[in-house]
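Notes for the one structure printed next.
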Amino acid sequence: MSAYISKILGVGSYLPARAMTNDELSSLVETSDAWIQERTGIKKRHIAADGECTSDLGVEAARRAMAHAGITIDEVDMIVLATATPDLTFPASATIIQHKLGMRHGMAFDVHAVCSGFVYAMATADNFLARGQAKTALVIGAETFSRILDWTDRTTCVLFGDGAGAIVLRAEEQTESNAGEGVISTHLRSDGSFCDLLYVDGGPSSTKTVGHLRMQGNQVFKHAVNKISGSIEEAAKIANVAIEEVDWFIPHQANYRILQGVAKKLGIPVEKVVSTVADHGNTSAASIPLALDVAVKDGRVKKGDLILMEALGGGLTWGAALARF
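Residues 9 to 333 in my numbering are what the sequence shown lists, from first letter to last.
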């Protein structure tokens, strides 16, 4: 048993000011509001302004999470950023966020697991805290996917948006009284044989370009429902928790049909699933903390609630994390 647990102290999120509606998209590609909503559940998405980088979004989400937690940057000794759209090839955008926040101590690094990135980042931070190698961590998911979209491809450009979300995790010595609090279990998996289902067709080593996002949507949908369901069951099993005991499911906001598919497969009541995909679109690694922040701030998720977060992304990567808020 670990000597420490990782408790969630606060949450925060940030969305760029510009919101792009489905009607606006229909002027760019052959599509319509009805077509997009029927297939994805998305009504709008936010687009970063010119000169607004992934790190800028992450900084704002981090500041709001720290304010919610009632802490200052001086108390943070670790930043883990989940992103597939970094400001630069290197250095890690987490270090850019560290600098912008005025943090001159501790460590900061990126985790790249695409849409599963936040679950991977939270699991990574939890392990550092559990080992006593850090005390307080900012775990951030931030993306500017609008920069890698092919705006002539209606199968992908209608799905994605920009945004950021963050949580503050703090290590607390484990005792009998706080057993079962904080991050309880995580379950991470990947299978590179499916890398051609969801990828970007560019990179510094292969093409010397940034490239555009490409996706085989039907195949991704099939794998998402099956693999996410399996991860949820495994995370619950590791923690010896029944699916029925979970208060809220905070899924990656990829597509409302995927959310419905997973809920149906596991027998989860739809009213226990937090969905923000209609207003945010798919914000990749940012989508889980964005959805969590919305649900916390509107009063649905309360202290003591058992929450289960899950995602699938390019790689393929997938995973789930169970925590008591």
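Note that beta-carbon positions come from the ideal geometry of N, C-alpha and C, so glycine has one too.
- Environment of W159 [buried if 16+ CB atoms lie within 10 Å]: Exposed, since its Cβ has fewer than 16 Cβ neighbours within 10 Å.
- Query: S154 by DSSP, collapsed to three states: which one?
  - Reply: helix
- Item | Cβ-based neighbour list, A329, same chain, cut-off 6 Å, excluding 5 preceding and 5 following | V127, M130, T194 and M317
- Using a Cβ-Cβ cut-off of 8 Å (strictly less than) and excluding sequence neighbours within five positions of I315, which residues of its own chain qualify? V254, D255, W256, F257, I258, L300, V309, L330, A331, R332 and F333
- Query: Measuring CB to CB, does L23 end up less than 7 Å from D199?
  - Reply: no
- Message: By alpha-carbon positions, which one of I192, H288, A247 and A116 ends up nearest to D170?
- Response: H288
- Task: Go ahead and pull the three-state DSSP assignment for W256.
- Result: strand
- Query: Would the stretch 38-58 and the stretch 199-218 be scored as touching if the rule is three or more Cβ pairs under 8 Å?
  - Reply: no
- Task: Name the one or two DSSP bridge partners that T194 has.
- Result: As a beta-bridge residue in DSSP terms, T194 pairs with A329.
- Could you spell out the range, first to last residue, of the beta strand (DSSP E) harbouring D199? No beta strand (DSSP E) holds D199; DSSP gives it neither H nor E.
- Cβ separation of R222 and D209, assumed to be a contact under 8 Å, to the nearest whole Å: Sure, about 5 Å apart at Cβ, within 8 Å.
- Message: In whole angstroms, give me the CA-to-CA distance for V191 and L274.
- Response: 22 Å
- Helix, strand or coil for M223 per DSSP? strand
- Message: By alpha-carbon positions, which one of A179, E242, I240 and A11 ends up nearest to M86?
- Response: A179
- Query: At which residues does the alpha helix (DSSP H) containing T29 begin and terminate?
  - Reply: Annotation for T29: no alpha helix (DSSP H) segment contains it, though the beta strand (DSSP E) segment containing it runs R26 to T29.
- Message: Taking a contact to mean a Cβ-Cβ separation below 7 Å, would you say A145 touches A133 in this structure?
- Response: Yes, Cβ-Cβ distance for A145 and A133 is below 7 Å.
- State buried or exposed for D2, treating a residue as buried only when at least 16 other CB atoms are found within 10 Å of its CB. Summary: the structure shown does not reach residue 2, with the chain confined to residues 9 through 333, and so no result is reported for it.
- DSSP on R71, reduced to helix/strand/coil? helix
- Message: Within the continuous beta strand (DSSP E) that includes V176, where are the two ends?
- Response: D170 to E181
- Alpha carbon of G173 to alpha carbon of K108, nearest angstrom: 16 Å
- Using only alpha-carbon positions, find the residue among S283, R112, L17 and A92 that is nearest to A77. L17
- Query: What whole-angstrom Cβ distance do T39 and R162 have, given they're in contact under 8 Å?
  - Reply: 5 Å
- Query: Are the beta-carbon atoms belonging to M115 and I81 less than 7 Å from one another?
  - Reply: no
- Query: To the nearest angstrom, how far is it from the Cα of V67 to the Cα of V285?
  - Reply: 22 Å
- Message: Tell me the DSSP secondary structure of H54 in three-state form.
- Response: Three-state DSSP puts H54 in a strand.
- DSSP state of A244, grouped into three classes? helix
- So is N263 buried or exposed if we call it buried at 16+ other beta carbons inside 10 Å? N263 comes out buried.
- Buried/exposed call for N30, threshold 16 Cβ in 10 Å: So N30 ends up on the buried side.
- Between L65, L157 and E83, which lies nearest to A102 when the distance is taken from Cα to Cα? Minimum Cα distance to A102 is reached at L65.
- Message: So within the stretch 54-124, which uninterrupted beta strand (DSSP E) runs reach at least 3 residues, ignoring any that extend past its ends?
- Response: 86-90 and 115-119
- Every unbroken alpha helix (DSSP H) inside the stretch 264-304 [4 residues or more]: Taken in chain order, the complete alpha helix (DSSP H) segments of 4 or more residues contained in the stretch 264-304 are 264-274 and 285-288.
- Is it true that the CB of R72 sits closer than 7 Å to the CB of G20? yes
- Item | Among H113, R26, T217 and S239, nearest to S124 - alpha-carbon criterion | Comparing Cα-Cα distances from S124 to each of H113, R26, T217 and S239, the minimum goes to S239.
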